[in-house]
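Read through the structure below, which is laid out as structure tokens, and then see the notes.
In the numbering used here, the protein residues as written are 1002 to 1630.
Now the structure itself:
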């Protein structure tokens, strides 16, 4: 039997090290020429091959296996909405990119939302790069905890395509899934290439076993389409354009505390997303110029309150990659960005709100190969915000190769997160109940962080071991304080401080035994609210992720995944114990073009709904078929 190339799902390790022949992969998000072994910082790469080896209904499902990344809920989250936390940072401190372009984050702008994750068809993803630790030196605001870059598939010379079907049945009261997706791509003329991906997905709402009027996990209907065009002007320059459109409908039940009456909304939220981008790239002998302009728009309408949140971001970026010197690789860029927010009521304009904020930025990064063993990376970014002023975000990284097997890494990075449009406007006021209001503040400062990290990594043939320790200090966190009573008015203010520190360990080995690949990751996290001297809520102290990949007879591939989520504070005083989930999948390539898979998630049917407002999926049995040409 042929030895199976690793299909280790574990987003818990650097996937580039697990590909056949140990192919070197450049980390696009870090804007470096180095491969993952010699790139400073803590990095995970998830490939499309790994994604195929799991049941995925959202980006969160892909990321949950990654070391240092936990899946949970925001404060006041409802109905199974899940947010991503990197190294204990708030979800709003994780910057999400699609092909290097930032998308509109809703978690800090719209209460208890998770609307920023399902932007692209899952079948359009070529790989996902996750950098843990601050990246404000390149990307500016929001990248305190880290950056997640979703890189989509691009067309090759040959015309190709595929279709995927999936159905899933849940042991819970609801929660069944169905998904159909397709993709096409290739060269349609001598100079023009096209790629197209689309998906139509439905996840039924999950109700309490004993109460069909109470939804634990809201229902979702998701439609996404992505179109990319690339025109080759000549061998040195090209123009590319993309169009992304998505629609998501959430169904839910709501029981306002002051009425006690449960109401079902078939369209509790309707979320419409669009992204337009245009780029020009020119290669000179030792210099590459990349100019891009893009617009994100996310409109979220709620039937409960009859208004729409309209978020619109526009970005103009010019970047130069300079490779003139023998031992240096320099990135320099300029950026102008605007963020706009409108709150528009369906029938009356009395409560309407509109405001916009602009940024002007410049950044530079210099990657210096001091000698064959030492790589030094220095960088900084200057952001000029029209309200709170300027912010400088420096970083310094060192990678020292003791030899080809042993690597030492050290880094420092400063990060910041600018206030949202609503937080940073004193004219904004929103009601929470009949006698409580939240108000913006023109005088807010940016949230700031400083992170220090040390790492050791070992690579030998098909074995890799990675370790890191980190410490992050965050200050000027935005919270709220009471400024008046009768009614109660809470104004956003810079009043909180916190620290996060931890350890990350990763081990992987191909052919531990014949045809058996294994990967395991462990992270330990300590958090502290420096104002209360208590740990932060909803931050698991420990996480373990393990994957076993085994080649069975008759060309059947099997994968088993274990995820342990440690204890955490569910509220400021109530603890939530740790829990473990198991998943199992079998897949087979019947022909070169046709494959299938069957599996089960949450095999032990672990349920948290009685212990926490974080309601995970029940046991889910799924079957999928794929055809490609």
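Note that CB positions come from ideal geometry on N, CA and C, so glycine has one too.
*Reference residue 1555, options 1322, 1587, 1563, 1575, closest by Cα*: 1587
*Taking the Cβ atom as the reference point for each residue, do residue 1430 and residue 1415 lie within a distance shorter than 8 angstroms?*
no
*Can you check whether the CB of residue 1519 is closer than 8 angstroms to the CB of residue 1563?*
no
*Residues near residue 1481 in its chain [Cβ-Cβ closer than 7 angstroms; skip 5 each side]*: 1439, 1491, 1492, 1493, 1494
*Bridge partners of residue 1163, per DSSP?*
1184, 1629
_Residue range of the unbroken beta strand (DSSP E) whose run includes residue 1545_ = 1543 to 1552
*Pairwise C-alpha distance: residue 1449 and residue 1195*: 41 angstroms
*What residues in its chain sit with their C-beta under 6 angstroms from that of residue 1062, if we drop five residues either side in the sequence?*
none
*What did DSSP end up calling residue 1176 once you bin it into helix, strand or coil?*
coil
*Is DSSP giving residue 1335 helix, strand or coil here?*
strand
*Would you tell me roughly how many angstroms separate the C-alpha atoms of residue 1345 and residue 1239, rounded to the nearest one?*
40 angstroms
*Of the residues 1373, 1394, 1279, 1625, which one's Cα is nearest the Cα of residue 1601?*
1625
*If you compare alpha carbons, which of 1214, 1147, 1288 is closest to residue 1044?*
1147
*Look up residue 1539 in the DSSP assignment and give the residues it is bridged to.*
In the DSSP output, where bridge partners are listed per residue, residue 1539 has none listed.
*According to the neighbour-count rule (16 or more other Cβ atoms, all chains shown, within 10 Å of its Cβ), is residue 1503 buried or exposed?*
buried
*So is residue 1137 buried or exposed if we call it buried at 16+ other beta carbons inside 10 Å?*
buried
*Can you give me the Cβ contacts of residue 1561 inside the same chain, cut-off strictly under 6 angstroms, excluding the 5 residues immediately before and after it?*
1549, 1585
*Just how far apart, CA to CA, sit residue 1338 and residue 1512?*
49 angstroms
*asked:* Judging by CA-CA distance, which residue of 1465, 1521, 1328, 1245 is the nearest neighbour of residue 1102?
replied: 1245
*Spell out a yes or no on whether the segment 1105 to 1118 and the segment 1157 to 1171 are touching, meaning 3 or more CB-CB pairs, one atom from each, closer than 8 angstroms.*
no
_Looking at residue 1462: is its Cβ nearer than 8 angstroms to the Cβ of residue 1478?_
no
*Which residues in the same chain have their Cβ closer than 7 angstroms to the Cβ of residue 1139, if we skip the five residues on either side of it in sequence?*
1032, 1364, 1366, 1380, 1382
*Would you please state the rounded distance, in angstroms, between the beta carbons of residue 1358 and residue 1425? I believe it to be under 8 angstroms.*
7 angstroms
*Check each candidate in 1122, 1091, 1464 and name the one with the smallest Cα separation from residue 1109.*
1091
*In its own chain, which residues sit with a C-beta less than 6 angstroms from the C-beta of residue 1582, not counting the 5 before and 5 after it?*
1564, 1603, 1607
*Distance CB(residue 1176)-CB(residue 1618) smaller than 8 angstroms*: yes
_Restricting to Cα atoms, I'd like to know which of 1591, 1505, 1521, 1531 is closest to residue 1069._
1505
*residue 1320 - containing alpha helix (DSSP H), residue span*: Run containing residue 1320: none in the alpha helix (DSSP H); it sits in the beta strand (DSSP E), 1308 to 1323.
*Should residue 1715 go down as buried or exposed, given a rule of 16 or more other Cβ atoms within 10 Å for buried?*
Residue 1715 falls outside the range modelled here, since the chain spans only 1002 to 1630, and no answer is possible.
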